[in-house]
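Take 15 as the starting number for the sequence shown in the working numbering and just add one per residue.
Even for Gly, the Cβ is constructed at its ideal location relative to N, Cα and C.
This report refers to the structure that appears directly beneath it.
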Amino acid sequence: MKKENMGKKVLVGMSGGVDSTVSALLLKEQGYDVEGLYMKLHSKPGYHEINQTRAQKAADFVGIKLHVLDLQDTFNKEVFQPFIDTYAEGKTPNPCALCNRSLKFGEMVRFADKIGADYIATGHYIKTDGKYFYEADDDTKDQSYFLFYVDRTVLSRLLFPLGEKKKSEIKELAASIGGLESFVSQRESTEICFVETTYTDLLKDYVAVDKIGQVLDKDGNVVGEHKGYMHYTIGKRKGFTVRGAHDPHYVISIDAKKNQIVVGKKEDLACNSVVLNNLNLYTDEKEFDTTVKLRYRTRAVPCHVKVEKNKAFITLKESVFGVATGQAAVFYDGKKLIGGGWIEKN
């Protein structure tokens, strides 16, 4: 137990899973005054009944108080509706980044202020020095890409107990502690927590997803049909017909208003420049060389960035294939995350 942590209060986001439970346990062992927070976000039927019970069980095990904050209305406004709207516009959304900014490191910070907490902690696999985020030591679980949009003013108050640990270590630790065994065997949370099966199954309740439309080639000729533009993202190569095609075809653009998709060869997906809007940067530099990830689970590629007002003009130093508007572009200097923005066009 570290004496310098005594008397400092930490609010831990508790989901009822093994990562947040171990995070709370580690922080308590380090001498912090720990309290937990379960946030009710989306309105998926039956979800909170199960997970709030798990979170309470975890809090009881660690020996801390658990607060419950109902954020369903805020979540619907800030995350869920933009998710629906972005698909309806023919773009590819990134709801996790919005949720992290607005709720997990937005509303949670405001709640921490109400209870006098000095710090906020979660079970995310990421590191911070109070000024920047850094990729987690476990690169298979690193979540830095989804945290690029978190307001820079809160970084100095964030703690991530799992940033320097491997997922396998966390599972082994939990399995070795009597009473935590059941947390290890729980199913891992899904990438998008409110999507039960596929995103199109969810969209069907809100918009007309299955609306047959035309497939065009690059020259504007009708060459086939598709089952509804919201079934497709840039780079997809299945689920539509192309008459007389012998080679694979990929979606290279989407026209939501006309319910049309344009297809081409793989080389037609190549992108060498990108424009971003709604930037969130942890550096004040206006022009710099760095690397950028244009999609989660992809390699960061070298680029030159020029910032003008709240837009970034990126020149890629090697071609990237399948860049989708609406997705996040995240800048990295080695392991250090220096911000990013939303892909407006390429």
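- Of E210, Y163, V256 and K180, the smallest CA-CA separation from K155 is found for K180.
- By DSSP's assignment, V321 forms a beta bridge with A326.
- Contact between K241 and D224 holds: CB atoms are separated by about 6 Å, below the 8 Å threshold.
- Straight across, the Cα-Cα distance linking L40 with P175 is about 7 Å.
- Contact between A338 and W356 does not hold, since the beta-carbon distance rounds to 11 Å and is not under 8 Å.
- If you look at S158, you'll find it isn't in any alpha helix (DSSP H); DSSP assigns it neither H nor E.
- Between the C-alpha atoms of A135 and S170 there is a straight-line separation of about 11 Å.
- Beta-bridge partners of H81 (DSSP): L51.
- CA-to-CA, the gap between K232 and F345 works out to about 31 Å.
- Spatial neighbours of F335 in its own chain (CB-CB distance under 8 Å, excluding positions within 5 residues in sequence) are listed in chain order as G249, K280, L283, A284 and C285.
- Under the rule that a run must span 4 or more residues, the alpha helix (DSSP H) segments found entirely inside the region 67 to 146 read 86 to 89, 95 to 102, 109 to 113 and 122 to 128.
- Y61 is positioned such that its CB atom lies no closer than 8 Å to that of L351.
- Under a 10 Å Cβ-count criterion, I226 is classified as exposed, with fewer than 16 other Cβ atoms of the shown protein chains found around its own Cβ.
- Close CB contacts of G193 within its chain, under the 6 Å cut and outside five residues either way in sequence, are with F75 (chain order).
- Counting other Cβ atoms within 10 Å of its Cβ, S34 reaches 16 or more and is therefore classed as buried.
- In its chain, beyond the 5 residues on either side, V237 and G238 have a beta carbon closer than 6 Å to the beta carbon of R257.
- DSSP places E183 in the uninterrupted alpha helix (DSSP H) bounded by K181 to S190.
- Contact holds between the region 48 to 61 and the region 82 to 98, because three or more Cβ pairs, one in each stretch, are under 8 Å apart.
- In this structure H260 is exposed. Its beta-carbon is surrounded by fewer than 16 other beta-carbon atoms within 10 angstroms.
- The residues T305, V306, K307 and Y346, in chain order, have a CB closer than 7 Å to that of A314 in the same chain once the five nearest residues on each side in sequence are set aside.
- Per DSSP, reduced to three states, the secondary structure at E358 is strand.
- In this structure V48 is in contact with V24, their Cβ atoms being roughly 5 Å apart against a cut-off of 8 Å.
- In this structure N108 is buried. Its beta-carbon is surrounded by 16 or more other beta-carbon atoms within 10 angstroms.
- The shortest C-alpha to C-alpha distance from S158 to any of K325, V26 and R115 is the one to R115.
- Between G45 and M28, the beta carbon gap of about 19 Å keeps them out of contact (Cβ cut-off 8 Å).
- In the three-state reduction of the DSSP assignment, A38 falls in the helix class.
- Apart from the 5 residues on each side of it in sequence, D219 has no Cβ closer than 6 Å to any other Cβ in its chain.
- According to the DSSP secondary-structure assignment, T304 is paired through a beta bridge with C317.
- A straight-line Cα-Cα distance of about 49 Å links I191 and N324.
- In this structure, L217 and S287 do not form a Cβ contact; the two beta carbons are roughly 30 Å apart against a cut-off of 8 Å.
- The shortest C-alpha to C-alpha distance from A131 to any of D153, V82 and V26 is the one to V26.
- Shown here, I64 sits in a helix according to DSSP, grouped into three states.
- Closest by C-alpha distance to T167, out of K145, F160 and K185, is K145.
- The three-state reading of DSSP puts S170 in helix, counting H, G and I together.
- L173 and R309 have their C-alpha atoms spaced approximately 26 Å apart.
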